[in-house]
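Counting from 12, one number per residue, gives the positions in the sequence shown under the working numbering. Even glycine gets a Cβ: it sits at the ideal position worked out from N, Cα and C. Quantities reported herein were computed from a predicted structural model and do not represent experimental measurements.
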Amino acid sequence: MHDDVGTGGHVPVMLERVLELLAPALSGPAPVVVDANLGLGGHSEALLAAHPALHLIGIDRDPFAIEHSTRRLSPYSDRTTLVHASSGDLAEVLARAGRTTIDGALFDLGVSSPQLDEAERGFAYSYDAPLDMRMDTEQELTAEQVVNTYSAGELTRILRDYGEERFAPRVAGLIIKERAKEAITSTKRLADIVREAIPAATRRTGGNPAKRTFQALRIEVNAELSALEAALPAALDALALGGRVVVLSYHSLEDRLTKQALTARTRDTSPPGLPVPLPAHQPRFRLLTRGAELPSEEELARNPRAASARLRAAERIRVDD
């Protein structure tokens, strides 16, 4: 969700490619698209402008995102349904909206610019702020609670699995030691602890050593991967014939889950050795991208935050009988 903030900043990541991929699915008389990670509404605004008959359902767990996008998309208010919810609730959101099928789905994963840039949100190691990291400011669990209450084993697992941190046991061990002296409540203190735990030789390369720890905590606090694991299959199930899904991910865990979900739907599952494929086992989807597509050099020059973006897309080519 690395959008601009509606004040002349960068355009949403890979916008033209997103529009190009979704366009064939939105050419009908009354298409419906779900933006499962609404953010600041940049992609949604472009889709609504490009398709005058389109109805857009936008979902976001951040109240700021809903408030901002409500203003931004006000010219299209008669064609939008904006919902404060986790993307993991996508199936329930569609049911409440009375939509049994959709024509397009967009997932722009990750963290939005205001969440990164507003120090008090506690997402960034570059600011000294309360250790928060909640996308939904109404939920209870914060990064401070995770850091100060999880066991050494739980912290190690999170740092290893979600942050891909090589030195997860060392970082977790120092967090346990330091919080015993005094609760860890600020982003600066946590970043300093992580820096101390990482070997000096490693600290000299690869950017800020706290990056992986902060990513891991953010994913844990917001249950990002479990939301994607629920939302992407729900969106694929809801797509009509010819419907398309586009996913923008920003780290390898998201991209791996996306690849697995799309690959599972684009495989022939007929038992091996049969002379002809079984119709019931033919793929329901086809991939629209070869591997993960990357932002162009031109886009990276305009928006360095797009550097980690990976795009995958698929189209429904069969429906169940």
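Residue span of the alpha helix (DSSP H) that contains residue i, given as start and end
{"i": "I77", "result": "74 to 83"}
{"i": "G164", "result": "163 to 174"}
{"i": "N159", "result": "154 to 160"}
{"i": "R214", "result": "211 to 214"}
{"i": "V24", "result": "It is not in any alpha helix (DSSP H) - V24 carries neither H nor E in the DSSP assignment."}
Paired residues, beta bridge with residue i - DSSP
{"i": "S263", "result": "Looking at the DSSP assignment, S263 forms no beta bridge with any residue, so it has no partner."}
{"i": "F296", "result": "R327"}
{"i": "T92", "result": "I68"}
{"i": "P141", "result": "S197"}
{"i": "V258", "result": "F118, R323"}
Straight-line gap, residue i to residue j (C-alpha atoms, nearest Å)
{"i": "A47", "j": "H292", "result": "29 Å"}
{"i": "G329", "j": "A275", "result": "Residue identity check: residue 329 is Arg in the sequence provided, not Gly. Cα to Cα, the separation comes out at about 14 Å."}
{"i": "R297", "j": "T216", "result": "40 Å"}
{"i": "A303", "j": "L264", "result": "13 Å"}
{"i": "R267", "j": "A324", "result": "13 Å"}
{"i": "E149", "j": "A140", "result": "18 Å"}
{"i": "K188", "j": "V104", "result": "43 Å"}
{"i": "L311", "j": "P286", "result": "49 Å"}
{"i": "L201", "j": "T167", "result": "15 Å"}
{"i": "A227", "j": "P180", "result": "14 Å"}
{"i": "P210", "j": "L273", "result": "38 Å"}
{"i": "L37", "j": "L84", "result": "19 Å"}
{"i": "S98", "j": "A242", "result": "6 Å"}
{"i": "H79", "j": "L65", "result": "20 Å"}
{"i": "D203", "j": "E151", "result": "25 Å"}
{"i": "T213", "j": "D143", "result": "27 Å"}
{"i": "A108", "j": "L93", "result": "10 Å"}
{"i": "R327", "j": "G39", "result": "15 Å"}
{"i": "A245", "j": "Y138", "result": "37 Å"}
{"i": "L32", "j": "M25", "result": "11 Å"}
{"i": "D248", "j": "D114", "result": "11 Å"}
{"i": "I230", "j": "S260", "result": "13 Å"}
{"i": "V43", "j": "R28", "result": "19 Å"}
{"i": "R223", "j": "E176", "result": "6 Å"}
Beta strand (DSSP E) segment containing residue i, residue limits
{"i": "E326", "result": "321 to 327"}
{"i": "D119", "result": "113 to 119"}
{"i": "G69", "result": "66 to 71"}
{"i": "S44", "result": "Per the sequence shown, the amino acid found at residue 44 is Val instead of Ser. V44 -> beta strand (DSSP E) spans 43 to 46."}
Coil, strand or helix - residue i by DSSP
{"i": "S98", "result": "helix"}
{"i": "T10", "result": "This structure gives no information on residue 10, because the portion of the chain shown stretches from 12 to 332."}
{"i": "L305", "result": "coil"}
{"i": "A251", "result": "strand"}
{"i": "S237", "result": "helix"}
{"i": "V287", "result": "coil"}
{"i": "H62", "result": "coil"}
{"i": "F178", "result": "coil"}
{"i": "S55", "result": "helix"}
{"i": "D203", "result": "helix"}
{"i": "A183", "result": "helix"}
{"i": "P40", "result": "coil"}
{"i": "R316", "result": "helix"}
{"i": "Q271", "result": "helix"}
{"i": "R278", "result": "coil"}
{"i": "T148", "result": "coil"}
{"i": "P86", "result": "helix"}
{"i": "R333", "result": "No answer is possible for residue 333: the residues shown for the chain start at 12 and end at 332."}
{"i": "P220", "result": "coil"}
Check: residue i C-beta below 7 Å from any heavy atom of the ligand NAD
{"i": "A208", "result": "The ligand NAD is not part of this structure, which contains no ligands at all."}
Does the structure place the stretch 87 to 94 close enough to the stretch 157 to 171 that three or more beta carbon pairs sit under 8 Å?
no
Is there contact here, the stretch 50 to 70 with the stretch 108 to 121, by at least three beta-carbon pairs under 8 Å?
yes
Is it the case that the stretch 247 to 257 contacts the stretch 169 to 184, given that we only count it when at least three CB pairs across the two stretches are under 8 Å?
no
Does the structure place the stretch 66 to 83 close enough to the stretch 32 to 47 that three or more beta carbon pairs sit under 8 Å?
yes
Count Cβ pairs between the stretch 177 to 193 and the stretch 229 to 236 that sit closer than 8 Å; are there 3 or more?
no
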